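K.L.:
This structure is in structure tokens; I'll ask about it shortly.
Residue numbers (the numbering used here): 119 to 242.
This is the structure we're talking about:
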């Protein structure tokens, strides 16, 4: 694996439910509601080139930053990963649901990304 939380240690956690070679990072209380004012940064290491997204974040208020792009709203599909992944949750809004990011293989399908990066899904 080699994933680790580098900031906000009590805010997010690393899980190896899919095996040590396929680590995941999850929000607090996943898959239930995450807590307001949550921030964390995940170092996914150099071996992770792609990550799969699960769950949902409050659009406009909570977002994941992966390779410099911000993802918010429904989180699904696979994103290219470079550098650390950051999660930022608004200070007053209670997020509806949590999120999970897992190490992934290069996707066989084309990825469709909206122009604003607010919603992402796989093209079938």
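Positions of the beta carbon are idealized from the N, C-alpha and C atoms, including for glycine.
Predicted model only: the values in this text are computed from it and were never measured.
Relative to the C-alpha of residue 204, which candidate in 138, 140 and 169 has its C-alpha closest?
P.N.:
169
K.L.:
Within 10 angstroms of its Cβ, does residue 159 collect 16 or more other Cβ (buried), or is it exposed?
P.N.:
buried
K.L.:
Over what stretch of residues does the beta strand (DSSP E) that includes residue 189 continue unbroken?
P.N.:
For residue 189, the enclosing beta strand (DSSP E) starts and ends at 187 to 189.
K.L.:
Is the beta carbon of residue 132 less than 8 Å from the beta carbon of residue 122?
P.N.:
yes
K.L.:
Is residue 168 helix, strand or coil when you go by DSSP?
P.N.:
If DSSP states are grouped into helix, strand and coil, residue 168 belongs with the strands.
K.L.:
CB residue 143 to CB residue 171, shorter than 8 Å?
P.N.:
no
K.L.:
Check this for me: beta carbons of residue 157 and residue 207, under 8 Å apart or not?
P.N.:
yes
K.L.:
For residue 202, which residues of its own chain have a beta-carbon under 8 Å away from its beta-carbon, when the five flanking residues on both sides are left out?
P.N.:
124, 159, 160, 161 and 162
K.L.:
Please list the terminal residues of the continuous beta strand (DSSP E) segment that includes residue 121.
P.N.:
Here residue 121 belongs to no beta strand (DSSP E), and DSSP marks it neither H nor E.
K.L.:
Beta strand (DSSP E) containing residue 160: first to last residue?
P.N.:
First-last of the beta strand (DSSP E) with residue 160: 157 to 161.
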